[in-house]
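Working notes, structure below.
Numbering (the numbering used here), first residue to last: 1 to 57.
The following block contains the structure:
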């Protein structure tokens, strides 16, 4: 009985770790997407700035 209960606790702990790992992986994917979007926008802003400067020269 005690062994069965301990096995259940171990399984629950493993499931919890797997669930937390899955959440962290999804958060990492989202962070990468956001970073890519921000980076692209910063590059666009730099290009716009240089184009404006080129027109004024």
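All C-beta atoms in this analysis are idealised placements derived from N, C-alpha and C, irrespective of residue type, glycine included.
Straight-line CA distance for residue i to residue j?
i: residue 47; j: residue 10; result: 55 Å
i: residue 31; j: residue 39; result: 12 Å
i: residue 24; j: residue 33; result: 14 Å
i: residue 12; j: residue 19; result: 10 Å
i: residue 37; j: residue 43; result: 10 Å
If you drop the 5 nearest sequence neighbours on each side, which residues of the same chain put their C-beta closer than 6 Å to that of residue i?
i: residue 3; result: none
i: residue 79; result: There is simply no residue 79 to check, as the chain begins at 1 and stops at 57 in what is shown.
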